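Enquirer: Numbering (the working numbering), first residue to last: 516 to 1011.
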Ligand SMILES: [Fe+2]
């Protein structure tokens, strides 16, 4: 036996904590699997690639614990062609990933907090690139709101590098939720904590269909806080500003990057797209809470009023599973409800209307992306429904879904796809049946965790009748780490 093999040095081990255990455990496998097993038939129109990002820690945490959203970016790609499916998974080669791979251990401490990093990580970009797979101007990006986009090769998933849109991106950060305008082809995006650390400044960007930032404006929020998502209608941009506060003094003391402070108001900023930030209007909510994700924003003229509707999931609590409540009042997350906030842009009123779009709690909202910025009839999201099966054990990012839901607002009808015992679907992504198919005529793609089998499936549902069950189940021979947001890119755009 070699001298090295008899060493008493402790081997690499992840701590025995919820985020490193069982179905949540790091996967860390970079795989190529060709011709996955398929139950049913993949519709031939689904010719392209589904990409999505996950947070899959490469190494045990430097500080002995961590939060789910701080894992290293692993991108999953499932290529569909003529009824066949191939899988590719690759880590994003961020500067953080490369430095830690070279050191064979974690060098970065808590989420976005350089004061907790190993001294050898000083000056190295902490981007994890783990949140959203984003396709625009024929480029694929892995987005993380703390950093600039990471550009990936869409065919190989090889990392090309950090991207600043040919030098036109001012901020060190960039949202994981840009919105593509289906009429102009532009991407509307934003950045908060723009220097890469605490700041009240929020930048708004317009990215042309050929990938240049053609408009860049800055406004100041009432306090420095998380701004995860936003909403864009044909004529307005809207932000919900909520007190998931970033306090730099606390960060410097090694405390979490954010904390929930319900003593501060939740506010809404509405910015006309034409006039820009000089015409910004602020509204103070009569209640405190946090927008989790948005469905859409749209406008209508009714009874002489110019109404702007913001459709989003909203919860009265902060994101307590990731960041603490500084006042100690909120010990568990409250479920998000789908709310429609309505503003009359023709009036000078400082109030707005609030109503529930439907009563089912949920998250990971989706509409037909061709209908963003105008009224949508169909709403898709992840949820649980004990009429079909029991709730699953709490995961490290909250309760796992057991169902995908579809709400048809015209019919006022809620439909469910139940994924089966011990199965957890993730974000549903809508793909239209054809370019000019009516709204909602297409498929939903969702990764489903088969928790007892330690595997993942890609489930394809007919979006017009999800309650009938999958048209195809694509079976992975391994688990794909639970993740966040995906996208679909048709083969014609990939050059296959
Ligand atoms: Fe998100």
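All residues carry an ideal CB built from backbone N, CA and C; glycine is no exception.
Please read all numbers here as calculations on a predicted model, not as lab measurements.
Of all the beta strand (DSSP E) runs that stay within the bounds of the stretch 538–624, which reach a length of 3 or more residues?
Expert: List check, beta strand (DSSP E) in window: 552–555, 563–570, 588–596, 599–606.
Enquirer: From which residue to which residue does the alpha helix (DSSP H) around residue 657 run?
Expert: Mapped onto the chain shown, residue 657 falls at position 142. That residue, residue 657, is in no alpha helix (DSSP H); its beta strand (DSSP E) goes 654–658.
Enquirer: Counting Cβ pairs closer than 8 Å, one from the stretch 735–747 and one from the stretch 701–710, do we hit at least three?
Expert: Yes: at least three Cβ pairs fall under 8 Å.
Enquirer: How should residue 1010 be labelled, buried or exposed, when 16 other C-beta atoms within 10 angstroms of its C-beta is the threshold for buried?
Expert: In the chain shown, the residue the question calls residue 1010 occupies position 495. Residue 1010 comes out exposed.
Enquirer: Note down, in chain order, each residue of its chain lying with its Cβ closer than 6 Å to the Cβ of residue 841, except the 5 sequence neighbours on either side.
Expert: Indexing the chain shown from 1 puts residue 841 at position 326. The residues are 774, 776.
Enquirer: In terms of DSSP beta bridges, what is residue 855 paired with?
Expert: Along the chain shown, read from residue 1 onward, the residue named residue 855 stands at position 340. 826, 870.
Enquirer: Where the beta carbon is closer than 7 Å to any heavy atom of ligand 1, which residues qualify, in chain order?
Expert: My final list is 646, 647, 691, 692, 743, 744, 808, 999, 1000.
Enquirer: CA-CA distance, residue 785 and residue 820?
Expert: The sequence position of residue 785 within the chain shown is 270, counting from 1. The sequence position of residue 820 within the chain shown is 305, counting from 1. Near 16 Å, if we compare the C-alpha coordinates of residue 820 and residue 785.
Enquirer: Using only alpha-carbon positions, find the residue among 951, 665, 765 that is nearest to residue 697.
Expert: The residue you call residue 697 lines up with position 182 of the chain shown. Residue 951 is the option with its Cα nearest to residue 697.
Enquirer: What does a CB cutoff of less than 7 Å around residue 869 pick up in its chain, not counting 5 residues either side in sequence?
Expert: The sequence position of residue 869 within the chain shown is 354, counting from 1. 854, 856.
Enquirer: Evaluate contact between the stretch 800–809 and the stretch 817–837, counting only Cβ atoms and requiring at least three cross-stretch pairs below 8 Å.
Expert: They touch, by the three-pair rule.
Enquirer: Skipping 5 residues on each side, what residues in its chain have a beta carbon closer than 8 Å to that of residue 903?
Expert: The residue given as residue 903 occupies position 388 in the chain shown. Excluding residues within five positions, the ones whose Cβ falls inside 8 Å are 917, 918, 931, 933.
Enquirer: Relative to the C-alpha of residue 996, which residue among 887, 680, 567, 552 is closest?
Expert: The sequence position of residue 996 within the chain shown is 481, counting from 1. Of 887, 680, 567, 552, the residue nearest in Cα terms is 567.
Enquirer: Distance check for residue 726 and residue 688, CA to CA, integer angstroms please.
Expert: As a position in the chain shown, residue 688 is number 173, starting the count at 1. As a position in the chain shown, residue 726 is number 211, starting the count at 1. Roughly 17 Å separates the two Cα atoms.
Enquirer: Start and end of the alpha helix (DSSP H) containing residue 763?
Expert: Working through the chain shown from its first residue, we reach residue 763 at position 248. Run containing residue 763: 763–767, per the alpha helix (DSSP H) assignment.
Enquirer: Below 7 Å between beta carbons: does that hold for residue 718 and residue 699?
Expert: For the purposes of this step, residue 718 is taken as the residue at position 203 of the chain shown. For the purposes of this step, residue 699 is taken as the residue at position 184 of the chain shown. Against a cut-off of 7 Å, the Cβ pair of residue 699 and residue 718 comes out as no contact.
Enquirer: Does the distance from the CB of residue 556 to the CB of residue 987 come in under 7 Å?
Expert: For this step, residue 556 is matched to residue 41 along the chain shown. For this step, residue 987 is matched to residue 472 along the chain shown. For residue 556 and residue 987, yes; Cβs fall inside 7 Å.
Enquirer: Would you check if the stretch 679–687 and the stretch 612–623 touch, i.e. whether three or more CB-CB distances between them fall below 8 Å?
Expert: Verdict: no, contact absent.
Enquirer: In terms of residue numbering, what span does the beta strand (DSSP E) encompassing residue 812 cover?
Expert: Against the chain shown, residue 812 aligns to sequence position 297. Per DSSP, residue 812 belongs to the beta strand (DSSP E) from 805–817.
Enquirer: Could you tell me the alpha carbon to alpha carbon distance between residue 938 and residue 887, rounded to whole angstroms?
Expert: Counting from one through the chain shown, the residue named residue 938 turns up at place 423. Counting from one through the chain shown, the residue named residue 887 turns up at place 372. If I take the Cα positions, the gap works out to 30 Å.
Enquirer: Ignoring anything shorter than 3 residues or poking outside the stretch 724–772, list the beta strand (DSSP E) runs there in chain order.
Expert: Listed in chain order, they are 728–735, 751–756.
Enquirer: Here's the rule I'm using: 16 or more other beta-carbon atoms within 10 Å means buried, otherwise exposed. How should residue 729 be labelled?
Expert: Position 214 of the chain shown, counted from the first residue, corresponds to residue 729. Label assigned to residue 729: exposed.
Enquirer: On the premise that residue 738 lies in contact with residue 767, defined as a C-beta separation below 8 Å, what is that separation, rounded to the nearest angstrom?
Expert: Position 252 of the chain shown, counted from the start, is the residue given in the question as residue 767. Position 223 of the chain shown, counted from the start, is the residue given in the question as residue 738. That pair is no contact at about 17 Å.
Enquirer: Do you know how far the Cα of residue 893 is from the Cα of residue 611?
Expert: For the purposes of this step, residue 611 is taken as residue 96 along the chain shown, with counting starting at 1. For the purposes of this step, residue 893 is taken as residue 378 along the chain shown, with counting starting at 1. Spanning the two alpha carbons is a distance of roughly 40 Å.
Enquirer: On a Cα-Cα basis, can you pick out the residue from 651, 620, 646 that is closest to residue 636?
Expert: Counted from its first residue, the chain shown places residue 636 at position 121. Residue 636 has its Cα closest to that of 620, out of 651, 620, 646.
Enquirer: Considering only residues of the same chain and omitting the five flanking positions on each side of residue 844, which have a CB-CB separation below 8 Å?
Expert: Working through the chain shown from its first residue, we reach residue 844 at position 329. Cβ neighbours of residue 844 beyond the five flanking positions: 777.
Enquirer: Please name the residue, chosen from 650, 608, 644, that lies closest to residue 674 on a Cα-to-Cα basis.
Expert: Here residue 674 is taken as the residue at index 159 of the chain shown, counted from 1. That would be 608, whose Cα lies nearest to the Cα of residue 674.
Enquirer: Hey, residue 970 and residue 993 are a contact pair by Cβ (cut 8 Å); roughly how many whole angstroms apart?
Expert: The residue given as residue 970 occupies position 455 in the chain shown. The residue given as residue 993 occupies position 478 in the chain shown. Between residue 993 and residue 970 the Cβ distance is about 7 Å, and since that is below 8 Å, they are a contact.
Enquirer: Under 7 Å, do residue 592 and residue 658 count as touching if we go by C-beta distance?
Expert: Locating residue 592 in the chain shown gives position 77, where the first residue counts as 1. Locating residue 658 in the chain shown gives position 143, where the first residue counts as 1. No, they are not a contact pair.
Enquirer: Let me make sure I understand the geometry here. Which of 564, 570, 976 has the alpha-carbon closest to that of residue 1004?
Expert: One-based indexing of the chain shown puts residue 1004 at position 489. Considering only alpha carbons, the answer is 564.
Enquirer: State the start and end residues of the unbroken beta strand (DSSP E) segment that holds residue 920.
Expert: Locating residue 920 in the chain shown gives position 405, where the first residue counts as 1. First-last of the beta strand (DSSP E) with residue 920: 918–923.
Enquirer: Once the 5 residues before and after residue 654 are set aside, which same chain residues still bring their CB inside 7 Å of it?
Expert: Translated into positions along the chain shown, residue 654 becomes position 139. Within the same chain, residue 654 has close Cβ partners 666, 726.
Enquirer: Measure the CB-CB distance between residue 825 and residue 812 and report whether it falls below 7 Å.
Expert: Here residue 825 refers to the residue found at position 310 of the chain shown. Here residue 812 refers to the residue found at position 297 of the chain shown. Result yes, Cβ atoms of residue 825 and residue 812 sit closer than 7 Å.
Enquirer: Which residues in the same chain as residue 794 place their Cβ atom closer than 8 Å to its Cβ, once the five residues preceding and following it in sequence are excluded?
Expert: Stepping through the chain shown from its first residue, residue 794 is reached at position 279. Within the same chain, residue 794 has close Cβ partners 786, 787.
Enquirer: Locate the beta strand (DSSP E) running through residue 959, then write down its first and last residues.
Expert: Along the chain shown, one-based indexing puts residue 959 at 444. Its beta strand (DSSP E) spans residues 957–965.
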